[in-house]
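Student: The structure follows.
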Amino acid sequence: MKRFLLFCFLLVQIQSFAQLKLARLFSDHVVLQRQKPIPVWGWAKPKEKVTVTLAGQKQIATADAAGKWSVKFTPLEAGGPHQMTVTAKSEKLEVNDILMGEVWLCSGQSNMEWPVRQADNFKLEKKNADFPQIRHFFVAHDVTMQPQTDLTSGEWKICNEENVGNFTAVGFFFARELYQKLKIPIGLLHSSWGGSQLEGWLSKEAMLTHEELKPVAQNLPKTWEEADAILDLKTRKQLLKTEVNSTMADEKKYTEAGYDFSKWHNAGSPIGQWDWKGIWMFRGKGFMARTVDVPEEMIGQATTLGLGIQDSFNEIYINGQLVSQGIMEGMRKITLPANTWKSGNNQLVIKFGNMVQFPWYGLGINGTPEDLFVSAKDSKVSLATGWYLMPSFAETHTYNHSCNNVATTIYNGMIAPLVPFAIRGALWYQGESNAGRAYQYRQTFPLMINDWRQKWKDEFSFYFVQLSSYGAYQNSNDGSDWAELREAQTMTMSLSKTGMAVTTDVGNPKDIHPTNKQDVGHRLALNALKSNYGLEVLHSGPMYESVHFEEDRAVVTFDYTGEGLTVKDKFGYVKGFEIAGEDKVFYYAKAEIIGDKVEVYHPKGQKPIAVRYAWANAPEDANLFNSEGLPASPFRTDDWPGKTKGKKFE
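Under mature numbering (1 follows the signal peptide of the UniProt record, and there is no 0), read the sequence shown as residues -18 to -1, 1 to 632, first letter to last.
Right, dumping it as structure tokens:
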């Protein structure tokens, strides 16, 4: 037995010294890009000779002083399966079931990360998911201060009923259409992160070339400790309006009767993580408070205080008095004796900590608006909105290292290790987190595309999803940051080999994550089928081309009208247009389709000098399409300053 244990120990020791290694992307079931040179790389002992074979080709390399080696195979046509062998004096590696096909990098924020299992008709999609030549590699979330040379986890998954639920939905529906049309293997290299800002996906080198981002790049923290200190100072300045830290004595006053918490962070609804309410990645204790108007008839009755789900230790204060403390799992419904409240306005303050069952969640509440209330026998007061938040800076706290703490860190951890893996192109669905800086996105989005292309040394295709519909349906006089972000995306098509999928018609004004990802993938696929694979398809909905102003109307000309313009409205009316005159005040307008043009006018004869279409966060009425069923892109003919002009990343 001792000899056996000694043998196992020696075997482990020998394996730990074996240094021959492939980059993690080169693993079983990998799809490699056809018709392009195929770079393969890894690590060995310094100066060690490495031989790599693939599909009848043999390449030899010598590891450098750091142990890095790389080879490049000549292009291959679609097919397989193939085997790759990597041989050095110390060891031999094999990679099996390799397919040659089309590889697409899928990136962005949550709408790209959104999995098939949460998209429409999942049961049916799962049942029909037998596509063994579609493969998916998920790049795990990672942020690092320096560019990484390899991934720490990940493997290629074959598309089948068991695996498809975890694939990127947009990427899968894109890949499925390509495969069905081309009958060529498709690889999806999926690197996305919900809520991420574009600046996290930029390299430091790219930021240094941009006038507004250069100061940020020059002052990036070198360690996470330094980054945490910077974020803590920024958060304190944001919430306390001072760089001076609060003390325990200061925070003790938060729960006293008469304390003015109206200067705290106004969150409206308390439901959800504080991360998405403007208090980014804080982990520790915190306070939430609001004024509760209690009617006279409830005072002499026992009441129930509903506070949703929050399973940390809670202290609950009403008008300065501690009325409850402890841990309550599940839905919190706290019974309070008669006369706990006073008639009229009351101060309700709750001190609590990070979620216990879901520690990644941090501060915040789960549940629905209906779970927040004060009730008595015959009456009920909603507590769904009107809340103010304040972290406890005096007590021990930390910051999670997530996607938006420090610029460049997502690029470092989730893009740099992929370079120079050969790809046909990239699919991108992001912008929601940058809408507040839409004007700057006009520059930073093209900067990122060029940055990635330069890193890969390949002007690969880059197709992106225009922001869908979410939020309010403002008029143009109110302005819309989402409309301005869509405009920035449209302007980015001036770059070569780019394309855009318009999705305003398949959004959900009440949910930032619309579940119809099938149409999104289809519209991206149309771009690739047209531009990369030469199919005769109309790949775009109507795009604004020009405008001609007459005395009482504007005549707008469109490109990509296909067999003609049409509307999706049972009455046949064109909706979504506004016009403005010299006073720059916009009015909702009437519009009529005339061939490949739309005539826009105001019933009262307003003389127009500007036209806008679908210029809102959620332009629900916009209904202009081409005959192929693709929606017209939102646009404006003016260049008047918008609400995001001058907003910059800091």
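Ideal Cβ placement from N, Cα and C applies to all residues, glycine included. All of these numbers come straight from a predicted model, not from anything done at the bench.
1. Let me know the secondary structure DSSP gives TYR542 once reduced to three states.
2. Buried or exposed: where does ASP257 fall if 16 or more other Cβ atoms within 10 Å of its Cβ makes it buried?
3. Could you tell me the distance, in whole angstroms, from the CA atom of PHE540 to the CA atom of VAL447?
4. According to DSSP, which residues form a beta bridge with residue 637?
5. For ALA536, does the three-state DSSP call read helix, strand or coil?
6. So what does DSSP say about VAL356, is it helix, strand or coil?
7. Helix, strand or coil for PHE104, going by three-state DSSP, please let me know.
8. How far does the alpha helix (DSSP H) with GLU208 in it reach, from first residue to last?
9. In terms of residues, what are the limits of the beta strand (DSSP E) holding GLY169?
10. Going by DSSP, which residues form a beta bridge with residue 633?
11. With burial defined as no fewer than 16 other Cβ atoms inside 10 Å of the residue's Cβ, what is the status of PRO399: buried or exposed?
12. What does the Cβ neighbour count give for PHE(-10), buried or exposed, with the cut at 16 atoms within 10 Å?
13. Roughly how many angstroms lie between the CA atoms of GLY49 and LYS219, to the nearest whole one?
14. Which whole-angstrom value is the C-beta distance of LYS196 and LEU190, which I expect to be below 8 Å?
15. With DSSP as the reference, please indicate the residues paired to ARG272 in a beta bridge.
16. What is the DSSP secondary structure of LYS437, reduced to helix, strand or coil?
17. What residue does the beta strand (DSSP E) around residue 633 start on, and which one ends it?
18. In angstroms with no decimal places, state the Cα-to-Cα distance between ALA5 and VAL198.
19. Opposite ASN296 in the DSSP bridges: which residues?
20. Let me know the secondary structure DSSP gives TRP410 once reduced to three states.
21. Kindly identify the DSSP beta-bridge partner or partners of PHE568.
22. Give the DSSP bridge partners of TYR445, in chain order.
23. If you check the beta carbons only, do PHE375 and ASN248 fall under 9 Å apart?
24. In the DSSP assignment, the beta strand (DSSP E) including MET263 goes from what residue to what residue?
25. Tell me whether the stretch 408 to 415 and the stretch 606 to 621 touch, counting them as touching only if at least three CB pairs, one residue from each stretch, are closer than 8 Å.
26. Going by DSSP, name the residue or residues bridged to VAL22.
27. Could you give the distance in angstroms between the alpha-carbon of LYS29 and the alpha-carbon of ALA47?
28. Does the distance from the C-beta atom of VAL12 to that of LEU87 stay below 9 Å?
29. Note the first and the last residue of the continuous alpha helix (DSSP H) segment covering THR472.
30. Given that a residue counts as buried once 16 or more other Cβ atoms are within 10 Å of its Cβ, and exposed if not, what is LEU612?
31. Compare the beta carbon distance of ARG99 and LYS108 with 9 Å and say whether it is the shorter of the two.
32. Three Cβ pairs or more, each shorter than 8 Å: is that satisfied between the stretch 147 to 165 and the stretch 499 to 515?
33. Which term fits HIS521, buried or exposed, when burial requires 16 or more other beta carbons within 10 angstroms of its beta carbon?
34. Classify TYR393: buried if its beta carbon has 16 or more other beta carbons within 10 angstroms, exposed otherwise.
35. Residues in the same chain with beta-carbon distance under 6 Å from LYS54, minus the five sequence neighbours each way, listed in chain order, please.
36. Could you check the C-alpha separation between TRP622 and ASP534 for me, to the nearest Å?
Tutor: Let me spell this out:
1. To locate residue 542, count along the sequence shown from 1; it is residue 560. It is coil, neither helix nor strand.
2. Walking along the sequence shown from the start, residue 257 turns up at place 275. Buried: at least 16 other Cβ atoms inside 10 Å.
3. The count along the sequence shown starts at 1 and reaches residue 540 at position 558. The count along the sequence shown starts at 1 and reaches residue 447 at position 465. A direct Cα-Cα distance of roughly 20 Å separates PHE540 from VAL447.
4. The structure shown does not extend to residue 637, since the chain spans only -18 to 632, so no value can be given for it.
5. As a first step, residue 536 is located in the sequence shown; it is residue number 554 there, counting from the start. Reduced to three states, the DSSP call for ALA536 is strand.
6. On the sequence shown, residue 356 is found 374 positions in, with the first residue counted as 1. Looking at VAL356 - three-state DSSP - the assignment turns out to be strand.
7. For the purposes of this step, residue 104 is identified with residue 122 of the sequence shown, where counting begins at 1. Correct three-state label for PHE104: helix.
8. On the sequence shown, residue 208 is found 226 positions in, with the first residue counted as 1. Note, GLU208: alpha helix (DSSP H), 206 to 222.
9. Start at 1 with the first residue of the sequence shown, and residue 169 comes out as number 187. It spans 168 to 174 - the beta strand (DSSP E) in which GLY169 sits, taken as one unbroken run.
10. There is no way to answer for residue 633, as the model of the chain reaches only from -18 to 632.
11. Here residue 399 corresponds to residue number 417 of the sequence shown, with the count starting at 1. PRO399 comes out buried.
12. In the sequence shown, residue -10 corresponds to position 9, counting from 1. Confidence in PHE(-10) is poor, its pLDDT being 43 and thus under 50, which makes the residue's placement unreliable; the coordinate value appears in the next sentence. PHE(-10) should be labelled exposed.
13. Stepping through the sequence shown from its first residue, residue 49 is reached at position 67. Stepping through the sequence shown from its first residue, residue 219 is reached at position 237. In a straight line, the C-alpha of GLY49 is about 46 Å away from that of LYS219.
14. Walking along the sequence shown from the start, residue 196 turns up at place 214. Walking along the sequence shown from the start, residue 190 turns up at place 208. 5 Å between Cβ atoms; contact.
15. Against the sequence shown, residue 272 aligns to sequence position 290. Per DSSP, LEU330.
16. Numbered from 1 along the sequence shown, position 455 holds the residue referred to as residue 437. DSSP places LYS437 in helix when its eight states are reduced to three.
17. Shown here, the chain extends from -18 to 632; a query on residue 633 therefore has no answer.
18. Working through the sequence shown from its first residue, we reach residue 5 at position 23. Working through the sequence shown from its first residue, we reach residue 198 at position 216. Taking the straight line joining both Cα atoms gives about 31 Å.
19. Mapped onto the sequence shown, residue 296 falls at position 314. In DSSP, ASN296 forms a bridge with GLY308.
20. Counted from its first residue, the sequence shown places residue 410 at position 428. Looking at TRP410 - three-state DSSP - the assignment turns out to be strand.
21. Here the question's residue 568 lines up with position 586 in the sequence shown. In the DSSP output, where bridge partners are listed per residue, PHE568 has ALA562.
22. Sequence index remark: in the sequence shown, residue 445 carries index 463 (1-based). Its beta-bridge partners are LEU409, GLY481.
23. As a first step, residue 375 is located in the sequence shown; it is residue number 393 there, counting from the start. As a first step, residue 248 is located in the sequence shown; it is residue number 266 there, counting from the start. Not closer than 9 Å, so no.
24. Within the sequence shown, the letter at position 281 stands for residue 263. From DSSP, MET263 is part of no beta strand (DSSP E); its letter is neither H nor E.
25. In this structure the stretch 408 to 415 does not lie against the stretch 606 to 621, because fewer than three pairs of beta carbons, one per stretch, are closer than 8 Å.
26. Residue numbering aside, residue 22 sits at position 40 when the sequence shown is read from its first letter. Paired residue(s): VAL53.
27. Position 47 of the sequence shown, counted from the first residue, corresponds to residue 29. Position 65 of the sequence shown, counted from the first residue, corresponds to residue 47. In a straight line, the C-alpha of LYS29 is about 6 Å away from that of ALA47.
28. The residue labelled residue 12 in the question sits at position 30 within the sequence shown. The residue labelled residue 87 in the question sits at position 105 within the sequence shown. In this structure, LEU87 does not lie closer than 9 Å to VAL12 by Cβ.
29. What you label residue 472 is simply residue 490 of the sequence shown in a count that begins at 1. Residues 463 to 473.
30. Counted from its first residue, the sequence shown places residue 612 at position 630. So LEU612 ends up on the buried side.
31. Here the question's residue 99 lines up with position 117 in the sequence shown. Here the question's residue 108 lines up with position 126 in the sequence shown. Cβ distance < 9 Å, so ARG99 and LYS108 count as in contact.
32. yes
33. What you label residue 521 is simply residue 539 of the sequence shown in a count that begins at 1. Result: buried.
34. Residue mapping note: residue 393 aligns to position 411 of the sequence shown, counting from 1. Residue environment analysis places TYR393 among the buried positions, since at least 16 neighbouring C-beta atoms fall within 10 angstroms of its C-beta.
35. Position 72 of the sequence shown holds residue 54. Once the five neighbours on either side are set aside, the close Cβ partners of LYS54 are PRO19, PRO21.
36. For this step, residue 622 is matched to residue 640 along the sequence shown. For this step, residue 534 is matched to residue 552 along the sequence shown. For TRP622 and ASP534, the distance between alpha carbons rounds to 21 Å.
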